[in-house]
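This is how it looks when you write it as structure tokens:
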């Protein structure tokens, strides 16, 4: 390799580093929230109760994060979970879903099976007995909802089953 070629490679690498690290946006401090149904939230309401259905809104983004890491509901309560993808990226690049696993289902094992289940939108075939409920897979700017009755009291894992997302996009669904 000649000196000119080495300089070209170094300048290219340096430029890529600068472009990807200097986005101009200040990183927001990460805030994890817990929503307890029946307790009003002062700012933007994420959980809403009416006489029939407890409505929960959870948002995801292009940075592979849910805005909630814990959700609390009451056993037997009718639940409507709405997933909002606040990002811009396409479903094939940064798709998200919201999956609640039954107790005793290993999160990593489920996510590993899901990662190779593209044809079923990353919900493994034959996993119906492992899931309490799940939304559709969505891309940037889209929304999906699922309604179900809360299971018996206990703690359940939730995750995004798009390949690799479960490491960052997971939390606890607590039924009291």
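Residue numbers (the numbering used here): 11 to 186. The C-beta atom is built at its ideal place from N, Cα and C for all residues, glycine as well.
query, result
"Leaving out the 5 sequence neighbours to the left and right, which residues in its chain are closer than 8 Å to residue 148 when beta-carbon positions are compared?", "93, 95, 101, 105, 106, 107, 154"
"Bridge partners of residue 166, per DSSP?", "183"
"Distance check for residue 141 and residue 151, CA to CA, integer angstroms please.", "25 Å"
"Whose C-alpha, out of 164, 172, 62, 74, is nearest the C-alpha of residue 114?", "164"
"Would residue 145 be called buried (16 or more neighbouring beta carbons within 10 Å of its own) or exposed?", "buried"
"Where does residue 76 fall in DSSP's three states?", "strand"
"Taking 9 Å as the cut-off, decide whether the C-beta atoms of residue 160 and residue 85 are in contact.", "yes"
"When we look at the beta-carbon of residue 174 and count the other beta-carbons within 10 Å, is it buried (16 or more) or exposed?", "exposed"
"For residue 78 versus residue 181, is the C-beta spacing smaller than 9 Å?", "yes"
"Around the C-beta of residue 97, are 16 or more other C-beta atoms found within 10 angstroms, so that it is buried, or is it exposed?", "buried"
"Quick one: is residue 167 buried, meaning 16 or more other Cβ sit within 10 Å of its Cβ, or exposed?", "buried"
"If you follow the alpha helix (DSSP H) that residue 190 is in, where does it begin and where does it stop?", "Residue 190 lies beyond the stretch modelled for the chain, which goes from 11 to 186, so this question has no answer here."
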